[in-house]
Amino acid sequence: MAKPKRKRPPPAYQEYASDLLANIDYRSMTLEERGLFHTLRLECWVNGKVHSDCRRLAVMLNIPEASVERALTPLVEGKFKIVGDCYVSEELENYREELLDRHGRMAAGGSVGGRRTQQHHRENRDRVQGGLKPLSGDEVSRGELNGVGLARGSDNKEQSEWLSSYQQEEATQRRQGAKYNN
429 MAKPKRKRPP PAYQEYASDL LANIDYRSMT LEERGLFHTL RLECWVNGKV HSDCRRLAVM
489 LNIPEASVER ALTPLVEGKF KIVGDCYVSE ELENYREELL DRHGRMAAGG SVGGRRTQQH
549 HRENRDRVQG GLKPLSGDEV SRGELNGVGL ARGSDNKEQS EWLSSYQQEE ATQRRQGAKY
609 NN
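Right, here's the structure in full:
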């Protein structure tokens, strides 16, 4: 099954502070190294990669090149994979793939469920009562809402005649009212 194209990339990645703080490499970093590490991860999440050249990285991040050179230690570099002339976070790319895969499976499942629901509606619509809504309150039939329902134990012909004469009388009164209002 081909992966569905996603219109928008996942907006965020989940990270547990306890996992990060328990990591000895992270705890060994200076504050400057931690800042660069987090900034590089954020850039990698949004852009997929960042330049590995200190000068280009400093320009892109808008920080002094000397600060980048000081903070870009083996501890920080070790958290990224070099691909060509860029750093890539394998951890974040794997997480992104997992999110996209999960989204694809959920979309496929929703599509299957939607098709089942639509099929169910089509099948029921063709049945006698498929398109009818359940009666509410003390209704005997749906027709009671518009005055053509049958009361229990009454004669259908008698009720139809009464309804017909009532509707004729009502129409006559409306016409007469229209004459006087004009």
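Each number in this note's numbering corresponds to the 1-based position in the sequence shown with 428 added.
The beta-carbon is built from N, C-alpha and C at its ideal position, and this holds for glycine as well.
Query raised in the report: Any idea what DSSP makes of Ile-452, helix, strand or coil?
Result: helix
Requested in this report: Take every Cβ of the segment 491-499, pair it with every Cβ of the segment 454-466, and state whether three or more of those distances are shorter than 8 Å.
Outcome: yes
Report task. Give a yes or no on contact between the segment 444-458 and the segment 469-485, applying the rule of three or more CB pairs nearer than 8 Å. Result -> no
Query raised in the report: Considering Thr-467, what are the terminal residues of the alpha helix (DSSP H) in which it resides?
Result: 459-475
Requested in this report: Decide if Lys-585 is buried, meaning its Cβ has at least 16 other Cβ atoms within 10 Å, or exposed.
Outcome: exposed
**Report entry** Terminal residues of the beta strand (DSSP E) in which Ile-491 lies
**Finding:** Where Ile-491 is concerned, there is no enclosing beta strand (DSSP E), given that its DSSP letter is neither H nor E.
**Report entry** Delimiting residues of the alpha helix (DSSP H) encompassing Glu-505
**Finding:** 502-505
Requested in this report: Check whether the Cβ atoms of Tyr-523 and Tyr-441 sit closer than 7 Å, and answer yes or no.
Outcome: yes
Query raised in the report: Excluding sequence positions up to five away, which residues of its chain have a Cβ less than 8 Å from the Cβ of Ser-622?
Result: Outside the shown range of the chain, which is 429 to 610, sits residue 622, and nothing can be said about it.
Query raised in the report: So, is Val-504 buried or exposed, given that buried needs 16 or more other C-beta atoms within 10 angstroms?
Result: buried
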